[in-house]
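>
In full-length UniProt numbering, the protein residues as written are 1 to 602.
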């Protein structure tokens with residue numbers, strides 16, 4: 001055998017079979033190899049090929065097993081249904097019989113005493129849900145562009161870190177339908193072409209809630225709608241498009257859907273079949289209904305008491321129509337669950353039902369709205385069903401809407417230690433067999449008031465700085481309706497609130513003895529307790545690490561705050577200097593009369 005052939009035989013021990021096959025079919029190479037050596041090469045080839053076949057079979061078997069195992073631990077689907085302005089304290093869940101049966105009875109209902117919004121207004125609350133952050137961290141202050149509602153800073157600094165982005169990275173198929181943020185789609189917010197990151201299918205309402213005659217952004221393209229019930233009624237349209245998404249999705253990957261119908265937000269346009277429902281229903285007359293706002297912030301002291309009949313008739317009509325719109329949402333839940341069952345996905349799907357904040361109808365003589373610090377505006381409904389959640393549970397663990405994002409990411413298998421959010425997963429409370437967790441002892445509720453720089457022409461005596469003025473010149477908001485509250489549930493059922501106004505007004509309530517918050521006990525409480533609550537508030541409003549530098553400006557914290565338009569909110573500015581930037585004020589304390597003192601800062 002030639003040296004060339006010998007070298008070939010040595011190489012045959014290492015060369016893959018298909019290369020050997022090619023080589024032994026090369027006439028020039030075969031000429032150098034004897035018949036015996038050819039047989040040796042071929043026998044070696046057969047042995048190698050046989051061993052590689054066995055290895056290949058083992059690899060295929062292992063791969064098949066792995067794929068089957070991955071199917072066994074398939075990530076769960078998730079659906080979040082978010083209504084607009086639906087209270088729980090004033091009976092807002094009463095029309096939702098199907099929802100309570102199909103989600104609450106099939107899973108867990110968080111008691112109306114333990115589920116809260118971080119802020120009682122649409123845009124900042126929805127921003128908190130999406131980012132898992134308190135408003136002072138996502139910097140959406142109210143429903144206006146100047147308040148960063150869907151503004152440039154929001155789009156650059158918050159949207160890229162919203163929870164759908166993480167889900168998309170986990171190969172979730174994502175769908176959004178309905179109301180997004182109040183200023184979404186406006187020219188100053190990027191127009192109809194702006195589609196937030198993380199969404200595969202995007203069917204979002206431009207602007208605030210409507211039922212007819214609206215415009216959608218459908219994956220960045222404008223889609224106008226009229227007033228035809230069959231084609232245009234927004235609640236039904238959101239349902240129908242979500243069902244279509246379920247039909248067209250890939251079964252190989254999990255899905256997430258966020259469905260945001262306009263109900264029960266104004267203009268309270270019910271579907272035709274429900275416009276005569278609840279004809280005898282009136283707003284509840286118990287608790288703080290038509291009571292004076294004694295010892296409360298000045299905005300609560302300005303309504304006439306008792307309310308005039310015109311205001312009562314107005315709020316009763318609103319209350320009834322709100323319920324009517326919710327019947328279509330109840331139908332949505334039923335149809336959605338039927339669809340999930342028909343496609344064999346119901347048992348592997350978590351369904352969350354909640355609202356962005358509460359609502360009031362006549363409480364403390366305020367006709368209708370939200371924005372206030374009281375339980376009727378900050379409590380929200382929360383019902384969840386899904387794998388591992390036992391049916392017919394009622395939980396007392398306090399939950400905030402900033403916890404929704406962390407809980408959803410927990411379900412999706414995201415490493416929560418890599419996520420920068422203020423919330424915490426409440427999956428351990430719902431399904432203790434799946435997770436261990438802890439409860440928060442207290443939490444923050446905060447709001448930045450809105451007002452107009454000029455006076456309302458219909459109410460000139462009230463002067464400038466007010467907003468949301470209803471019949472009989474009762475205004476529901478003002479620039480200095482700006483507050484931050486500590487809500488404690490675990491050790492003591494207390495609420496402590498500080499206003500950023502010239503009075504430095506403070507309100508304190510014992511919710512155990514006074515569940516309707518009729519008496520402000522700030523002058524009766526031990527000053528030591530006030531100091532404790534004050535320090536808790538400062539801690540909750542403080543930022544840590546790099547958050548003390550606002551990324552949108554990329555300059556030190558104090559300079560960044562000076563760049564922001566605080567307008568009438570100078571007291572907020574001073575607080576932020578202290579809690580965000582570490583600038584200290586001399587004699588920041590609460591005296592026995594509970595007046596906050598801000599003196600010289602250094």
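Beta carbons: idealized from backbone N, C-alpha and C, even for Gly.
Quick one: give me the first and last residue of the beta strand (DSSP E) that residue 385 is part of.
Translated into positions along the chain shown, residue 385 becomes position 385. Note, residue 385: beta strand (DSSP E), 382-385.
> Got a sec? Which residues, its chain only, sit under 7 Å from residue 414 by beta carbon, not counting five neighbours each side?
In the chain shown, the residue the question calls residue 414 occupies position 414. Excluding positions up to five away in sequence, the list reads 166, 170.
> So what's residue 63 in DSSP terms, helix, strand or just coil?
Here residue 63 corresponds to residue number 63 of the chain shown, with the count starting at 1. Any reading at residue 63 must be qualified, since the residue scores a pLDDT of 49, below 50, and its modelled position is unreliable; the value itself is stated next. In this structure, residue 63 counts as helix in the three-state DSSP scheme.
> Note down the Cα distance separating residue 119 from residue 201, rounded to an integer number of angstroms.
Translated into the one-based positions of the chain shown, residue 119 becomes position 119. Translated into the one-based positions of the chain shown, residue 201 becomes position 201. Their backbone Cα atoms lie some 28 Å apart in a straight line.
> Per DSSP, what are the beta-bridge partners of residue 271 in this structure?
By 1-based counting over the chain shown, the position of residue 271 is 271. In DSSP, residue 271 forms no bridge with anything.
> Is it true that the CB of residue 246 sits closer than 8 Å to the CB of residue 337?
If you number the chain shown from 1, residue 337 lands on position 337. If you number the chain shown from 1, residue 246 lands on position 246. Going by C-beta atoms, residue 337 is not nearer than 8 Å to residue 246.
> Are the beta-carbon atoms belonging to residue 483 and residue 447 less than 8 Å from one another?
The residue labelled residue 483 in the question sits at position 483 within the chain shown. The residue labelled residue 447 in the question sits at position 447 within the chain shown. Contact: yes.
> When the Cα atoms are used, what is the spatial distance from residue 424 to residue 161?
By 1-based counting over the chain shown, the position of residue 424 is 424. By 1-based counting over the chain shown, the position of residue 161 is 161. So the two alpha carbons sit approximately 16 Å from each other.
> Per the contact definition of three or more C-beta pairs closer than 8 Å, is the segment 259-266 in contact with the segment 483-496?
With the cut-off at 8 Å, the segment 483-496 and the segment 259-266 do not touch.
> Take the Cβ of residue 126 as the centre, count every other Cβ of all protein chains shown within 10 Å, and call the residue buried at 16 or more, exposed below.
Your numbering for residue 126 matches position 126 in the chain shown. With 16 or more Cβ atoms within 10 Å of its Cβ, residue 126 is classed as buried.
> Could you tell me how far apart the beta carbons of residue 314 and residue 367 are, in whole angstroms, since I believe they sit closer than 8 Å?
Here residue 314 refers to the residue found at position 314 of the chain shown. Here residue 367 refers to the residue found at position 367 of the chain shown. Right, the Cβ-Cβ distance comes to about 6 Å (below 8 Å), so this counts as a contact.
> Who are residue 351's beta bridge partners in DSSP?
Along the chain shown, read from residue 1 onward, the residue named residue 351 stands at position 351. Paired residue(s): 79, 385.
> Starting from the C-beta of residue 95, find all residues in its chain whose C-beta is less than 7 Å away, skip the five residues before and the five after it, and write them out in chain order.
Sequence index remark: in the chain shown, residue 95 carries index 95 (1-based). So the qualifying residues of the chain are 323, 326, 327, 330.
> Just to confirm before moving on: does the CB-CB distance between residue 175 and residue 408 stay below 8 Å?
Indexing the chain shown from 1 puts residue 175 at position 175. Indexing the chain shown from 1 puts residue 408 at position 408. No, Cβ-Cβ distance for residue 175 and residue 408 is not below 8 Å.
> Quick check: what's the CA-CA separation for residue 98 versus residue 401?
Within the chain shown, residue 98 is the residue found at index 98, counting from 1. Within the chain shown, residue 401 is the residue found at index 401, counting from 1. Going by the C-alpha atoms only, they are around 23 Å apart.
> Locate the alpha helix (DSSP H) running through residue 330, then write down its first and last residues.
Counting from 1 along the chain shown, the entry for residue 330 is found at position 330. Where residue 330 is concerned, the enclosing alpha helix (DSSP H) stretches over 309-342.
> What is the residue span of the alpha helix (DSSP H) that residue 128 lies within?
Residue mapping note: residue 128 aligns to position 128 of the chain shown, counting from 1. Its alpha helix (DSSP H) spans residues 122-131.
> Measure the alpha-carbon distance for residue 587 versus residue 538 and round it to whole angstroms.
Here the question's residue 587 lines up with position 587 in the chain shown. Here the question's residue 538 lines up with position 538 in the chain shown. For residue 587, the predicted structure reports a pLDDT of 35, less than 50, and the residue's modelled location is therefore unreliable. A value from the coordinates is still provided. The straight-line gap from Cα to Cα measures roughly 15 Å.
> Just to confirm before moving on: does the CB-CB distance between residue 153 and residue 139 stay below 8 Å?
Here residue 153 is taken as the residue at index 153 of the chain shown, counted from 1. Here residue 139 is taken as the residue at index 139 of the chain shown, counted from 1. Yes, they are a contact pair.
> So for residue 378, helix, strand or coil by DSSP?
Locating residue 378 in the chain shown gives position 378, counting from the first residue. Reduced to three states, the DSSP call for residue 378 is helix.
> Just confirm the distance between the C-beta atoms of residue 79 and residue 259, as a whole number of angstroms; I'd bet it's less than 8 Å.
In the chain shown, residue 79 corresponds to position 79, counting from 1. In the chain shown, residue 259 corresponds to position 259, counting from 1. Contact flag correct, Cβ pair sits at about 7 Å.
> Give me the Cβ distance between residue 444 and residue 134, rounded to the nearest whole Å; I'm assuming they're in contact under 8 Å.
One-based indexing of the chain shown puts residue 444 at position 444. One-based indexing of the chain shown puts residue 134 at position 134. Correct: roughly 6 Å between the Cβ atoms.
> Starting from residue 485, follow its DSSP beta bridges and name the residues at the other end.
The residue given as residue 485 occupies position 485 in the chain shown. 445, 497, per the DSSP bridge assignment.
> What is the rounded straight-line gap between the Cα of residue 316 and the Cα of residue 110?
On the chain shown, residue 316 is found 316 positions in, with the first residue counted as 1. On the chain shown, residue 110 is found 110 positions in, with the first residue counted as 1. Residue 316 and residue 110: Cα-Cα distance of roughly 28 Å.
> Determine, using beta-carbon pairs with one atom in the segment 471-481 and one in the segment 365-383, whether at least three such pairs fall under 8 Å.
Result yes; three or more Cβ-Cβ pairs closer than 8 Å.
> Throw me the rounded Cβ distance for the residue 87 and residue 274 pair, which I believe falls under 8 Å.
Residue numbering aside, residue 87 sits at position 87 when the chain shown is read from its first letter. Residue numbering aside, residue 274 sits at position 274 when the chain shown is read from its first letter. Residue 87 to residue 274, Cβ: 19 Å. No contact.
> Contact check, residue 335 vs residue 249 under 8 Å by CB: the rounded distance?
Reading the chain shown from its first residue, position 335 is the one you call residue 335. Reading the chain shown from its first residue, position 249 is the one you call residue 249. Rounded, the Cβ-Cβ distance is 17 Å, inconsistent with contact.
> In the DSSP assignment, the beta strand (DSSP E) including residue 204 goes from what residue to what residue?
Counting from 1 along the chain shown, the entry for residue 204 is found at position 204. Unbroken beta strand (DSSP E) run through residue 204: 201-205.
> Around the Cβ of residue 180, are there at least 16 other Cβ atoms within 10 angstroms (buried) or fewer (exposed)?
The residue given as residue 180 occupies position 180 in the chain shown. Per the 10 Å Cβ criterion, buried.
> Determine the direct distance from the alpha carbon of residue 270 to that of residue 237, and round the result to whole angstroms.
Your numbering for residue 237 matches position 237 in the chain shown. Your numbering for residue 270 matches position 270 in the chain shown. Computed Cα separation, rounded: 14 Å.
> Cβ of residue 363 within 8 Å of Cβ of residue 463?
As a position in the chain shown, residue 363 is number 363, starting the count at 1. As a position in the chain shown, residue 463 is number 463, starting the count at 1. Going by C-beta atoms, residue 363 is not nearer than 8 Å to residue 463.
> Could you check the C-alpha separation between residue 234 and residue 83 for me, to the nearest Å?
Along the chain shown, one-based indexing puts residue 234 at 234. Along the chain shown, one-based indexing puts residue 83 at 83. Straight-line Cα distance between these residues: approximately 12 Å.
> My output table needs one value for residue 278: the three-state DSSP class, helix, strand or coil.
Position 278 of the chain shown, counting from 1, holds the residue named residue 278. Coil, per DSSP.
> Do residue 190 and residue 207 have their beta-carbon atoms positioned less than 8 Å apart in this structure?
Against the chain shown, residue 207 aligns to sequence position 207. Against the chain shown, residue 190 aligns to sequence position 190. Against a cut-off of 8 Å, the Cβ pair of residue 190 and residue 207 comes out as no contact.
> In the DSSP assignment, the beta strand (DSSP E) including residue 256 goes from what residue to what residue?
The residue given as residue 256 occupies position 256 in the chain shown. Start and end: 255-260.
> For residue 399 and residue 144, what's the separation of their Cα atoms in angstroms?
To locate residue 399, count along the chain shown from 1; it is residue 399. To locate residue 144, count along the chain shown from 1; it is residue 144. Straight-line Cα distance between these residues: approximately 27 Å.
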